[in-house]
Amino acid sequence: MQEKASPKLAVSGLKVYYFTDGGTLRAVDGVNFQILGNESLGIVGESACGKSTLGASLMRSLQFPGRIVEGSMVLDNRDLSKMPSKEFDGSVRWKRIAMVFQGAMNVLDPVYTIGSQLREILHEHEFQGDIARKISESLKSVGLDDSVAKRYPHELSGGMKQRVVIAMALLMDPELLIADEPTTALDVLVQSQIIDLLKKLRQEKGISVILITHDLAIVSQIADSIAIMYAGQLVEMGSAQEVYRDPKHPYTQALIAAVPKLRSSEKEIHFVAGRPPSLINPPEGCRFYDRCPHAMDICRKNPPAFERKTGYVHCWLYEKKSET
Ligand code: SF4
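Everything in the sequence shown is counted per the numbering used here, starting at 12 for the first residue and increasing by one.
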C-alpha cells in the first residue's frame, strides 16, 4: 500500500443552516464524528436528512443561502470552517479533500472530450508534471482504458462516466474522498463494480472515504464505521459491524429491517412509516418521536445523547445502559 499522510478529521458540533424566506432550515444541526487514519465512514439516511449538505460543508461548497453557523471541522489541527477561502482553495480543496457530487456524471461537458476535461482540471491546479501521462494513469487507476481520453461523454456508459468523475476527483491525489450517492442511477451490477473500485482505491492509494448514501446495504460493503443521519442529526454511530449487527436506535433498526433479505422466507416488505419532521421547526426533543414505536414522555422535550462501545446512540432507551 502506498504510504500517505493520515487525514485526521474531527467534526464537532457542526451546524449548517439555510436562511430562506420561509424560515431557517437546520439542515445539519449539531453533528459530531471523527475519521482516523484511512478509515472509511458511511453516512446513511433518507432523502433531505442533511447528508449531502454535510458533505458539501466539508468541501466548503455550500449553495446559497446555506452557511456554517457553528462548530468545527478540524483537519490536522486546522479548523477548515475558519480557514481563509484562498488558503482552503489553494491547499485543501481537491488537494487534500475531494468530492464526487451527487449526479456529477451527468454534468460532464458534452462538447469536450474526457481528456480535455481532465486536462483543464490539471491546468487549473497548476499541475507541474507530464499531463498526458497523468491523464493516462488516472483513467487506468479507475479501470478505464486510456483511449477513453479521446471520447466524448455521450460515448460512455453510466458506469464509465461515474469512473471518469471519480478519476477527476482523484487527479490531485487527495487523502480524503467524499462520494455522495455514487451508485444512484446505476444498475445493480455496475453499483457493485463502483463499490469494488472505491475499495481498491482505498487499498492502493491509502485514502479515506466518506460514502454518503441512502442505501445501508451498499455502505455495509465498504465502511469501517457507519453514522445514521436523521432530520439533520447523527442519531447513531459505531463500527460497521456493531451498527449493522446490533443496531440500537429505533430508526437504525427500522432501516435495517427495510433492507430486503434474499435468503429470508419472510414475504413482508418493511418500511419506516410516517414522515421526517420539518427542519424549519424541528421538535425540541428526539426528532424521531412521531415515528418511533418506543416513544416515551421524556423523548418529547429532551434531546438524548449517550455513548456506546464504538460510538454513540442518541436515544433515551439507552439512558442507563452505557457500554463504555
Ligand atoms: Fe424513540 Fe425516544 Fe429513542 Fe427517540 S429517544 S428514538 S422517541 S425511544
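Cβ coordinates follow ideal geometry from the N, Cα and C atoms, glycine included.
Please read these numbers as outputs of a predicted model, since none were measured by experiment.
Is the beta carbon of residue 290 sitting closer than 8 Å to the one on residue 36?
yes
Quick check for students: name the residue ranges of the alpha helix (DSSP H) that lie wholly in the stretch 234 to 316, counting only runs of 4 or more.
251 to 256, 261 to 268 and 308 to 312
Could you say which of 84, 211, 239 and 286 lies nearest to residue 52 if we only look at CA atoms?
Per the Cα distances, 239.
As assigned by DSSP and simplified to three states, the class of residue 45
Residue 45 falls in the strand class under three-state DSSP.
Integer-rounded CB distance, given that residue 287 should sit under 8 Å from residue 57
Between residue 287 and residue 57 the Cβ distance is about 7 Å, and since that is below 8 Å, they are a contact.
Unbroken beta strand (DSSP E) runs of length 3 or more, entirely within the stretch 91 to 156: which are they?
108 to 111
Endpoints, beta strand (DSSP E) assigned at residue 86
That run of the beta strand (DSSP E) goes 77 to 86.
Out of 224, 260, 264 and 197, point me to the one whose CA is closest to residue 189's CA.
224
Would you kindly check if the distance between the Cβ of residue 43 and the Cβ of residue 245 is under 8 Å?
Yes; because the gap between Cβ atoms is below 8 Å, this pair is in contact.
Option nearest residue 49 by Cα separation, candidates 92, 33 and 220:
220
Reducing DSSP to helix, strand and coil, say where residue 26 ends up.
Residue state, collapsed to three classes: strand.
So the alpha helix (DSSP H) residue 195 belongs to, where does it begin and stop?
No alpha helix (DSSP H) contains residue 195, which DSSP labels as neither H nor E.
Any heavy atom of the ligand SF4 closer than 7 Å to the Cβ of residue 238?
no
Any chance the CB of residue 248 is under 7 Å from a heavy atom of the ligand SF4?
It does not: the Cβ of residue 248 is nowhere closer than 7 Å to a heavy atom of the ligand SF4.
Give me the Cβ distance between residue 27 and residue 111, rounded to the nearest whole Å; I'm assuming they're in contact under 8 Å.
About 20 Å separates the two Cβ atoms, so there is no contact after all.
Among 69, 66, 76 and 70, nearest to residue 34 - alpha-carbon criterion:
76
Any heavy atom of the ligand SF4 inside 7 Å of the beta-carbon of residue 300?
yes
Can you tell me the Cα-Cα spacing of residue 334 and residue 262, whole angstroms?
Low local confidence applies: a pLDDT of 49 at residue 334 is under 50, so the model's placement there is unreliable, with the coordinate-based value given in what follows. Answer to the nearest angstrom: the Cα atoms are 20 Å apart.
Following the continuous beta strand (DSSP E) through residue 64, name the residue where it begins and the one where it ends.
Residue 64 -> not in any beta strand (DSSP E); alpha helix (DSSP H) instead, spanning 62 to 69.
One question on the structure: do residue 71 and residue 104 come within less than 8 Å of each other, judged by their Cβ atoms?
yes
Using only the alpha-carbon positions, how far apart do residue 285 and residue 302 sit?
6 Å
For the beta strand (DSSP E) holding residue 53, just list the boundary residues, first then last.
51 to 55
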